[in-house]
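*Asks:*
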Amino acid sequence: MGIPLEKGDFVLSPDRRINDRLRLRFDAAMNMLQPLLGDPGAHNGAAFYRAMTRLQSAHPDLSSAEIEALVTSVVRAYQSRASNSL
128 MGIPLEKGDF VLSPDRRIND RLRLRFDAAM NMLQPLLGDP GAHNGAAFYR AMTRLQSAHP
188 DLSSAEIEAL VTSVVRAYQS RASNSL
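Set out below in structure tokens:
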């Protein structure tokens with residue numbers, strides 16, 4: 128995806144994803160959180176809290192903001208997969 132300059136012309140935008148630490152842990156987080164967040168119908172505050180607690184225990188080097196971003200990414204991935212399977 129790019130930024131339109133003139134009709135038909137595009138310039139590639141730079142990659143906005145800058146946190147490689149989270150990218151490297153995403154697949155492991157998907158597997159770890161599948162029992163808690165795999166069913167989009169079960170997404171509630173308690174499930175999110177348990178997910179963040181589980182990730183914080185597994186990755187104590189991540190900040191609370193990074194944990195929250197990782198859980199949010201996992202939730203979005205599960206929601207996207209659920210909507211694509213309809």
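Residue 213 is where the sequence shown ends in the numbering used here, and the numbering goes up by one at each step. No residue lacks a Cβ here, since even glycine has one placed at the ideal position from N, Cα and C.
(1) Suppose the cutoff is 7 Å on Cβ atoms and the five residues either side in sequence are ignored; what does the same chain contact list for arginine 177 look like?
(2) Could you check whether leucine 182 and phenylalanine 153 sit closer than 8 Å to each other, using their CB atoms as the reference points?
(3) Can you grab the Cα-Cα spacing for the pair alanine 192 / alanine 173, in whole Å?
(4) Could you spell out the range, first to last residue, of the alpha helix (DSSP H) harbouring glycine 168?
(5) Is leucine 151 helix, strand or coil by DSSP?
*Replies:* Walking through what the data contain:
(1) For this step, residue 177 is matched to residue 50 along the sequence shown. Close CB contacts of arginine 177 within its chain, under the 7 Å cut and outside five residues either way in sequence, are with Leu163 (chain order).
(2) The count along the sequence shown starts at 1 and reaches residue 153 at position 26. The count along the sequence shown starts at 1 and reaches residue 182 at position 55. Going by beta carbons, phenylalanine 153 and leucine 182 fall outside the 8 Å limit.
(3) To locate residue 192, count along the sequence shown from 1; it is residue 65. To locate residue 173, count along the sequence shown from 1; it is residue 46. Near 18 Å, if we compare the C-alpha coordinates of alanine 173 and alanine 192.
(4) Working through the sequence shown from its first residue, we reach residue 168 at position 41. That residue, glycine 168, is in no alpha helix (DSSP H); it is neither H nor E in DSSP.
(5) Position 24 of the sequence shown holds residue 151. In this structure, DSSP gives leucine 151 a helical state, which the three-state scheme calls helix.
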